[in-house]
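Peer 1: Take a look at this one; I'll ask things after.
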Amino acid sequence: MTEPQWLEAWTAEEGARRVDELFTRSFDGSPEGVWSAPGRVNLIGEHTDYNAGLCLPTALPHRTYIALRPREDDQVRLVSAQAEGMWETRLSDVAPGAVRGWGAYVAGVAWALAEAGHKIGGFDAAVDSCVPFGAGLSSSAALEAAVAVALDAVASLGLAESDAGRATLVDATRLAENEIAGAPTGGLDQSASLRCREGYALLLDFRPGLKPLESGVPVPFDLATAGLTLLVVDTRAEHSHVDGEYGARRAACEQAAQLLGLESLRDIAPTLGGMGIDRALAELEPHDADGVLRRRVRHVVSEIDRTARFADLVREGRAADVGPFMLASHASLRDDYEVSCRELDLVVDTAMAAGALGARMTGGGFGGSAIALVRRSDVDTVAQAVADAFADADLTAPAFLLAPPSAPAA
Ligand code: ADP
Ligand code: MG
């Protein structure tokens, strides 16, 4: 028996105390305030955001905290409990390709807000987080979203006060990650951290040009009343070439859409009034000798359909019935999209054998985390089974998180 390692979320008080202390130790005086933003899990809808499709994330109770104080000049000075030393830049030096390291996520948000026409000055800030890094739970978006609401407050922008304003903050944080941190991610993570609500999942529609109320619809996700728990397993698997593989998947989707004369693969999905998968696959066949393009397309289109149906079930209060969709999603990501790995498959297979109602990888894949929908009374049994399976396979011990649908950046 291997004792499962649980990663508890900090209380708001503990998070605030930590960054307040770090700020006071690193800079003279006190911060103007403390803000925080959650990591996220995606219930379903993987690799669909950059195909203008649907995703269904919830916010984690695990958050990144930031204590911040504006400055008179345009200097940015940052410390993090998760990084060595002080990270510094002048805001005027921030540009695509010009800054490196973790501070790019922070300075990038200030840069993006300034690019959008807001008056943003320099600041000192201290960061601490209980969201695990690189675990597919979006510590990067948690950091960006915490910065966004902090700068929104100190610059009196008022954007965090409405969902439409938060959608504008999503654009800034996504631009920061794409242009300044240099990660070509699709917007799911930032939307989740800024727009999810406690007790709800957020049905995101990435069709370009939608109004905020159409692009993000809260869906009540009452696990507690149903006696259910969402268990997250951080596999702690580290894989190389992750960025290259992500880029290759995006490129395949773009190529397929172009061959079909479509703006995006969304236009195939029958649920969204698309041309239908059979016709799309037939049209791709002459251009796709090894079948790889068609498998990528089949994943994206079937995943959009599963996400819509999963959201319908949740809306009807039938969360206990979504298990088969989670399993189908995992199989599609493993076999057609080829982004799973041994550790993720092991979590899914072991959790199901131990009584989970459904399980799947979550996030981009190649390591990171998996989720399992579990009856509350089975949580310890399932976690124990997964911990034992990893020990038996000589894998690094995974970490376990409980994920009730939690509150957004504030
Ligand atoms: P994920 O978002 O899945 O956790 P990413 O690779 O997208 O993984 O983002 C992780 C990176 O974000 C870290 O390597 C670091 O640069 C930055 N980061 C996130 N949280 C913090 C933090 N609390 N302090 C410093 N850097 C952070
Ligand atoms: Mg990230």
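Under UniProt numbering, the sequence shown has 53 at position 53, and the numbering climbs by one with no breaks.
Even for Gly, the Cβ is constructed at its ideal location relative to N, Cα and C.
I think residue 219 touches residue 311, with their Cβ atoms under 8 Å apart; what is that distance to the nearest whole Å?
Peer 2: Yes, residue 219 and residue 311 are in contact; Cβ-Cβ is about 6 Å, under 8 Å.
Peer 1: Taking 7 Å as the cut-off, does the CB of residue 102 come closer than this to any heavy atom belonging to the ligand ADP?
Peer 2: Indeed, a heavy atom of the ligand ADP lies less than 7 Å from the Cβ.
Peer 1: Is residue 190 near the ligand ADP, in the sense that its beta carbon is under 7 Å from a heavy atom of that ligand?
Peer 2: No; taking the cut-off as 7 Å, the Cβ of residue 190 has no heavy atom of the ligand ADP nearer than that.
Peer 1: Tell me whether residue 86 sits in a helix, a strand or coil according to DSSP, three-state version.
Peer 2: The answer is coil: DSSP assigns residue 86 none of H, G, I, E or B.
Peer 1: In the DSSP assignment, find the beta strand (DSSP E) that holds residue 35 and state where it starts and stops.
Peer 2: Looking at the DSSP string, the run of the beta strand (DSSP E) that includes residue 35 is 33-42.
Peer 1: Taking only the alpha-carbon atoms, compute the straight-line gap between residue 289 and residue 372 and give it to the nearest angstrom.
Peer 2: Roughly 36 Å separates the two Cα atoms.
Peer 1: Following a CB-centred definition, is residue 108 positioned closer than 7 Å to any heavy atom of the ligand GDP?
Peer 2: Of the ligands this structure carries, namely the ligand ADP and the ligand MG, none is the ligand GDP.
Peer 1: Only counting the same chain, and skipping five residues up and downstream in sequence, which positions put a Cβ closer than 8 Å to that of residue 348?
Peer 2: Answer for residue 348: 327, 330, 359, 360, 361, 370 and 372, listed in chain order.
Peer 1: What three-state label does DSSP hand residue 218 in the structure shown?
Peer 2: Three-state DSSP puts residue 218 in a strand.
Peer 1: Under 8 Å between the Cβ atoms of residue 295 and residue 284?
Peer 2: No. Outside cutoff.
Peer 1: Check this for me: beta carbons of residue 307 and residue 201, under 8 Å apart or not?
Peer 2: Not closer than 8 Å, so no.
Peer 1: Does the beta-carbon of residue 413 have 16 or more other beta-carbons within 10 angstroms, so that it is buried, or is it exposed?
Peer 2: The structure shown does not extend to residue 413, since the chain is modelled only from 1 to 410, so the question has no answer here.
Peer 1: Pull up the CB-CB distance for residue 68 and residue 105, whole angstroms please, since I reckon it's below 8 Å.
Peer 2: Not confirmed; about 14 Å, so no contact.
Peer 1: Please confirm whether residue 141 and residue 234 have their CB atoms less than 8 Å apart.
Peer 2: No, the Cβ-Cβ distance between residue 141 and residue 234 is not below 8 Å.
Peer 1: Since residue 229 and residue 379 should fall inside the 8 Å C-beta cutoff, what is the C-beta to C-beta distance between them, to a whole number of angstroms?
Peer 2: Yes, they are in contact, since the Cβ atoms of residue 229 and residue 379 sit about 5 Å apart, within 8 Å.
Peer 1: Measure how close the beta-carbons of residue 252 and residue 292 come, nearest whole angstrom, since I'm counting them as under 8 Å.
Peer 2: Indeed, because the Cβ distance is near 7 Å, the residues count as touching under 8 Å.
Peer 1: What runs of the alpha helix (DSSP H), each 4 residues or longer, lie entirely inside the region 49-123?
Peer 2: For the region 49-123, whole alpha helix (DSSP H) runs of length 4 or above, ordered along the chain, are 103-115.
Peer 1: Specify the secondary structure class of residue 340 as computed by DSSP and reduced to three states.
Peer 2: Residue 340: coil per DSSP, three-state reduction.
Peer 1: Rounding to the nearest angstrom, what Cα-Cα distance links residue 351 and residue 382 in this structure?
Peer 2: Distance between the alpha carbons of residue 351 and residue 382 is about 6 Å.
Peer 1: May I ask you to report which of helix, strand or coil DSSP gives residue 235?
Peer 2: Residue 235: coil per DSSP, three-state reduction.
Peer 1: Would you check if the distance between the CB atom of residue 299 and the CB atom of residue 333 is smaller than 8 Å?
Peer 2: Their beta carbons are under 8 Å apart, which means residue 299 touches residue 333 by this criterion.
Peer 1: Determine the extent of the alpha helix (DSSP H) in which residue 312 is found, giving its start and end residues.
Peer 2: Start and end: 292-315.
Peer 1: Looking at residue 138 and the ligand MG, is the gap between the Cβ and the nearest heavy atom below 7 Å?
Peer 2: Yes; taking the cut-off as 7 Å, the Cβ of residue 138 has a heavy atom of the ligand MG nearer than that.
Peer 1: Tell me whether residue 151 is buried or exposed, calling it buried when 16 or more other Cβ atoms sit within 10 Å of its Cβ.
Peer 2: Residue 151 should be labelled buried.
Peer 1: Determine the contact status of residue 154 and residue 70, defining contact as a CB-CB distance below 8 Å.
Peer 2: It is a contact, given that the beta carbons lie within the stated cut-off.
Peer 1: Per DSSP, what are the beta-bridge partners of residue 125 in this structure?
Peer 2: Answer by DSSP bridge pairing, in chain order: 68 and 78.
Peer 1: Can the beta-carbon of residue 54 be found closer than 8 Å to that of residue 205?
Peer 2: Yes; because the gap between Cβ atoms is below 8 Å, this pair is in contact.
Peer 1: Examine the ligand ADP and report whether any of its heavy atoms sits within less than 7 Å of the Cβ of residue 258.
Peer 2: Every heavy atom of the ligand ADP is 7 Å or more from the Cβ of residue 258, so no.
Peer 1: What do you reckon, is the C-beta of residue 83 under 7 Å from a heavy atom of the ligand ADP?
Peer 2: Checking the Cβ of residue 83 against the ligand ADP gives yes.
Peer 1: Tell me which residue opens and which closes the alpha helix (DSSP H) that residue 18 is part of.
Peer 2: Start and end: 12-26.
Peer 1: Taking DSSP as the reference, what is the three-state secondary structure of residue 352?
Peer 2: The answer is helix: DSSP assigns residue 352 an H, G or I state.
Peer 1: Less than 7 Å between C-beta atoms, sequence neighbours within five positions excluded: which residues of the same chain meet that for residue 323?
Peer 2: Excluding residues within five positions, the ones whose Cβ falls inside 7 Å are 357, 358 and 373.
Peer 1: Any heavy atom of the ligand ADP closer than 7 Å to the beta-carbon of residue 123?
Peer 2: No, since every heavy atom of the ligand ADP falls outside the 7 Å radius drawn around the Cβ of residue 123.
Peer 1: Excluding sequence positions up to five away, which residues of its chain have a Cβ less than 7 Å from the Cβ of residue 51?
Peer 2: Cβ neighbours of residue 51 beyond the five flanking positions: 253, 264, 265, 266 and 300.
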